[in-house]
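Below: the structure, in structure tokens.
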Amino acid sequence: MKEKRVSARDILQEWDIKDFRVIDKQAISEITLGASILATGGGGDPEIGLLWTYKVLDEGKEILMVDPMEIPDEIQTASTACLGAALVLTEKPPSGGVLNLAIRRLEQYLGRPIQATIPIECGGVNSPVAYAAAGELGVPVIDVDGMNRAFPELQMTSWVTHGVHSSPTVSVDNRKNITVIDTGDDDVLAETLARRVAMAYGGISWIATYPLTGRQVKEASILNSQSIAWAAGHAVMCARQEHLDPIAELLKSLKKERDVEGFRVFRGKIVDIRREFGSETNKGFTLGQVIMEGIDEYKGQTASLDFQNEWLNLRVDGEVLCLPPDLIAILDSETGEPIRTDIMKYGYRGTIVLIPAHERMRTPKGIEMFGPRHFGYDLDYVPVETLNG
Amino acid sequence: MTGELRVGFDVGGTFTDGVLMRGKDVVVKAKSLTTQDVTAGIVQALDALLNKSRVNPAEVAMVSLGTTHTTNALIERRNLNKVGIFRLGAPATTAIPPLTGWPEDLKQAISGTELVHVIRGGSEYDGRDIVPLDKQAIAEACRNMKGKVDSVAITGVFSPIISDHEEQAAEIVREVLGDDIHITLSHRIATISLLERENSAILNASVITVMQRAVNSLKTAVSERGITAPLFIVQNDGSVMSVDYAVDYPIFTVASGPAASVRGSVYLSGIEDGVVVDIGGTSTDVAYIVKGFPRESSITVTIGGVKTNIRCPDLLSIALGGGTIVKHQGEKVSALGPESVGYNLVRLGKSFGGPLLTVHDTAVALGKLDRKLEVFKTDFVTHPEKVNALPRKLIDNAWAAVKATIEEAIDKMKTTVEPVPAIFIGGGAMVVPKEGIAGVSKVLCPDHFEVGGAVGTTIAEIGAYAEGVVDLEKEDRDNAIARVTEQAKNNAKTAGAIRETVEVIDVEEIPFTYMPGKREKVRIRVKGKILR
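Keeping their order, the protein sequence lines are chains A and B.
Per the numbering used here, the first sequence starts with residue 1, numbered consecutively.
Per the numbering used here, the second sequence starts with residue 1, numbered consecutively.
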């Protein structure tokens, strides 16, 4: 692409969009906190994405977010993300140019420029990374994502269940190695290949993926997913400052933004973490089970949660209270900080909160692709509000 | 420990506190001004203890030290080493260079752009090189650093798993810069999480000299007085480590003073839930205690404005103490500190005929120092006429500013809107407001409050940890954990614990998520008794 780059503001002017939100440091820190709460125990360490975005802002670059319904149908967007092992990312942050490199090569492959970024999921890393990339590229971020939570695999998005695909995906590493994955409409194969590539790179890859048109963004995304995360993060941060109950504030925020009821179902401490590698090992995920012992009014009760990078289901005294794709968050009762599967520790205390998945994640196709049976449970999906109603 | 004699010191920026304990009882206590060389202050306090108690120094079974030297140096940006910074990780990691997110003044105090180097090297998670280590670049950088740095911090990607590149880099640094340059290797400081570990290593390197001075002072002081007991220093979790270890790892003592104070406060007051406000001459530390222990910071710990992954109680340190300078324009207070006159209070404070108005002087002016404490040898005021000449309005404003500052700090640490009890300890507790403090149900100043930190140092256990990466396809999980546990117990013994009293307090397994295989990191924390 020899085309001369313009700024996000120029692009919005060209689209005749006057309504947009300017993302500053406070905004990105709230969005990232909210996203890591919605990340359902996964999503990786937010620190790297956050510092990266701060750095982009410090360099004087502007980050602007627009509503999806405002964008023209024919524009080209894409998602940027980190795919691989969260722990490896924590230890090996990227080199400066990775997102740029991946996007440029994707543009080359597509033969047209990327004019906006779309976050892939709500996660501590992949949410802010979309903003950092937008700032670096001089394009806007669109207020959507593909999950409104985090999921372990590339194909587990509302995009795929609404008929659009991750291919072509460009995967790069810090040494500027480039792999183009184009599996057409086979999104499961794309995930398999992308994960193998990440392993060969040393555990982490940086991808430009899901090249969606403006029209596809509107039809297949979780709309205003970023605003939902932002409001959640804002509510929790305000609660901390005012010494209010952060969990009550979080639930109020979700009610306001999405008109859904969340459920506070358990409070306890982690007494056993059983990480099972077993037969699932070759899939490249950490599987396991966590046991929590109830405290306060939950004394005497026992909660168990299964996880595949993210929390999958919750049972309290043997009774199922939540199934995928509904969201489970274990939050520090005092700060609302999420306890993630990769950093949880013996003795951690937390409150378990359940949140209904977004309706675009609950279609029959969605339940088939990332419902209980996909994860190996011999159970039909029952919505969390029915289980806890 | 019952019956055995233990001496504890708490060296603050202004005062050095000492106690002599027998079993659970405070036998005698002493306070001296912290001196520039630190030693003289400790010797003075020690002499006072020995003279008053008339015990035989040879009978002392343990000497322990709590210190706020590292913290004070970091928050005041004073006496810090110039640090040469190496990160071994390029071409990876460059999106976020070293010192990203650091406060500008701290950056300038310890480093400069010519001292920061991101070098090609580091390892992958499985131990492969990212790229071969660029040794030439390190040597070249060192030659340019010559004469400009006091210490060097080296952080390699995945060094907690494979430390080869850090070790190799250290060898080159020694070759070029000589053996006198202190080198901090990140893998000895903290665990996985590059940015936080790097920050921890850099901070560690910046306070090496500060800690060396404190430890040497203690050694000199006790040996001069015929004490042969082992010497310990309180670390961040409230347990102690041997001083020889502390010299290389001062960052583990960054919460030493407050950790000792929290232990002392709980012990002296019997209050197990509330806020501990430890007010010294230079700084005040606020901790929130739950069931007798300081709340631990969850994921990252901020030290001097920098995010680290050091295990630490959740503390708020503010630059407010008895010696804090009240800056004012006429009757209006423009700022409290951050500078403190520290041990120069008796030269520079208004109460002593000096030119500067301090927090201490406002308390004197308001007649708050009515309680004479035997540990203070000097009077609180030698030049009352200087204090009396101060405008009353200014004094009231200063007092209100101190109160507001303390209230704000307490409010930041509280996690509930309900009022909680507050324990005020430390010598500075005498010169700050204690009535009508917002958010607090009552303020307690227990007996021996003025030496609470020193008491806390004498009741600590020794802590240690070990970690290792295990491949569970090759080794049984229980065996792997037992192996690392053994190593942790040996580390505790090396640090001074009695082997058979060492118990496991935490087992941590960190899997390599999203990766195939059964590799994980096992980390075991232990603690054990020093004395039978």
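We put the CB at the ideal spot given by N, CA and C, even for glycine.
Every value quoted in this text rests on a predicted model; they were computed, and no experiment measured them.
For the 8 Å CB-CB criterion, Leu99(B) and Lys107(B) form a contact.
For the beta strand (DSSP E) assignment, the segment 85 to 164 of chain A encloses no uninterrupted run of at least 3 residues. In terms of CA proximity to His448(B), Ser261(B) leads the group Lys518(B), Ser261(B), Ala205(B), Gly321(B). Secondary structure of Tyr245(B) (DSSP, three-state): helix.
Classified as exposed, Ala200(A) has fewer than 16 neighbouring CB atoms from the shown chains inside 10 Å of its CB. When 7 Å is used as the limit between beta carbons, Val417(B) is near these residues of chain A: His243, in chain order.
Ranked by Cα distance from Ser217(B), the options Thr35(B), Asp134(B), Ser334(B) are led by Thr35(B).
Residues of the segment 154 to 172 of chain B with a C-beta less than 7 Å from any C-beta of chain A: Val157, Phe158, listed in chain order. Think of a sphere of 7 Å around the beta carbon of Trp52(A): the chain B residues whose beta carbon falls inside it are Ala95, Ile96, in chain order. Fewer than three pairs of CB atoms, one per stretch, sit closer than 8 Å, so the segment 239 to 251 of chain A makes no contact with the segment 40 to 49 of chain A.
One thing to note: Gly8(B) has its Cβ within 8 Å of the Cβ of Gly18(B). If only uninterrupted beta strand (DSSP E) runs of at least 3 residues are considered, those enclosed by the segment 376 to 464 of chain B are 420 to 425, 440 to 444. Neighbours of Leu195(B) in chain A, taken as residues at a C-beta separation under 9 Å, are given in chain order as Glu47, Ile48, Leu51, Thr90, Pro93. At a cut-off of 8 Å, the C-beta of Leu87(A) has a neighbouring C-beta in chain B.
At least 8 Å separates the CB of Ile114(A) from every CB of chain B. By the Cβ neighbour-count rule, Leu331(A) is buried, with 16 or more other Cβ atoms within 10 Å of its own. At least one C-beta of chain B is nearer than 8 Å to the C-beta of Gly203(A). Within the segment 55 to 79 of chain B, no residue places its CB atom closer than 9 Å to a CB of chain A. In this model, Pro250(B) and Val207(B) are separated by some 7 Å (Cα to Cα). DSSP, read as helix, strand or coil, puts Gly337(B) in strand. Considering only Ala488(B), Glu508(B), Glu509(B), the residue with the shortest C-alpha distance to Thr501(B) is Ala488(B). Listed along chain A are Leu51, Tyr54, Lys55, each with a C-beta nearer than 8 Å to that of Thr100(B).
Looking at the backbone, the Cα of Gly294(A) and that of Lys521(B) are separated by about 28 Å. Shown here for Met292(A): same chain residues with a beta carbon closer than 6 Å to its own, the five before and five after excluded, namely Gly268, Ile270, Ala303 in chain order.
Here Ala134(A) is near Pro140(A), since their CB atoms are less than 8 Å apart.
Straight through space, the alpha carbons of Arg54(B) and Leu320(B) are spaced by roughly 36 Å. Judged by their CB atoms, Glu124(B) and Gly202(A) are nearer to each other than the 8 Å cut-off.
At a cut-off of 3 residues, the continuous stretches assigned as beta strand (DSSP E) that sit fully inside the segment 300 to 386 of chain A are 302 to 308, 310 to 316, 319 to 322, 327 to 331, 349 to 355.
Straight through space, the alpha carbons of Ser239(B) and Lys365(A) are spaced by roughly 56 Å. The alpha helix (DSSP H) runs of length 4 or more contained entirely in the segment 27 to 83 of chain B are, from start to end of the chain, 39 to 53, 69 to 76. Burial check for Gln26(A): the Cβ neighbour count within 10 Å stays below 16, so the residue is exposed. Counting along the chain, the unbroken alpha helix (DSSP H) around Leu203(B) starts and ends at 194 to 206. DSSP, reduced to helix, strand and coil, places Thr308(B) within a strand of the structure shown. Listed in chain order, the positions of the segment 124 to 152 of chain B with a beta carbon within less than 9 Å of a beta carbon of chain A are Glu124, Tyr125, Asp126, Arg128, Ile130, Val131. Under the three-state reduction of DSSP, Glu293(A) is assigned to strand. Straight through space, the alpha carbons of Cys82(A) and Glu136(A) are spaced by roughly 16 Å.
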